[in-house]
Amino acid sequence: MAQIDILRPHGMSEDAARRRAEDLARRLEQRRGVRWRWEGDELRLDAPNGPAKGTRGSVRVTAEAVRIRVELPLLLRAMRPVVESKLHEKLDAMLGKA
């Protein structure tokens, strides 16, 4: 699997960053059928169906930063640069520019 690992500092409270991460997960659930759940401090995501089928990831929120890790399945490996670029765009919108 192709992996993406992004660490982005944020200047907000941990609770505010968690809320924004959860809001994003809810939108992914509605638009793409992505399942999500909190496991402690980590938001776990997976796509069981649709164009992103087999993609898994996590969002870990701390008081200082957000770390996003994504594992792309074989069929999406070639899309890694596009997916990573989109993740940076979403982080910019969610947390502000790096």
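Numbering of the sequence shown is given in the working numbering, commencing with residue 1131 and proceeding in unit increments.
Glycine included, each C-beta is placed from N, C-alpha and C at the ideal position.
All of these numbers come straight from a predicted model, not from anything done at the bench.
For valine 1213, collect the residues of the same chain with a Cβ closer than 8 angstroms to its Cβ; drop the 5 residues on either side in sequence, then sort them by chain order. Within the sequence shown, residue 1213 is the residue found at index 83, counting from 1. Short of 8 angstroms from the beta carbon of valine 1213, and not among the five residues preceding or following it, lie these beta carbons of its own chain, in chain order: Ile1134, Val1200, Leu1202 and Leu1206.
Rounded distance between the beta-carbons of arginine 1138 and valine 1191, thought under 8 angstroms: Indexing the sequence shown from 1 puts residue 1191 at position 61. Indexing the sequence shown from 1 puts residue 1138 at position 8. Taking the Cβ atoms as the reference, valine 1191 lies roughly 10 angstroms from arginine 1138, outside the contact range of under 8 angstroms.
Do you know offhand how far leucine 1221's Cα is from glycine 1187's? On the sequence shown, residue 1221 is found 91 positions in, with the first residue counted as 1. On the sequence shown, residue 1187 is found 57 positions in, with the first residue counted as 1. Taking the straight line from one Cα to the other gives about 15 angstroms.
Should alanine 1150 be labelled buried (16 or more other beta-carbon atoms within 10 Å of its own) or exposed? Counting from one through the sequence shown, the residue named residue 1150 turns up at place 20. The sequence given here places arginine at residue 1150; alanine does not occur at that position. Answer is buried; the Cβ neighbour count reaches 16.
Grab me the residues of alanine 1132's own chain with a C-beta within less than 8 angstroms of its C-beta, minus the 5 sequence neighbours each way, in chain order. For this step, residue 1132 is matched to residue 2 along the sequence shown. These residues qualify, in order along the chain: Glu1201, Leu1202, Leu1206, Arg1207 and Arg1210.
With DSSP run on the structure shown, which of helix, strand or coil describes glutamate 1152? The residue given as residue 1152 occupies position 22 in the sequence shown. Three-state result, glutamate 1152: helix.
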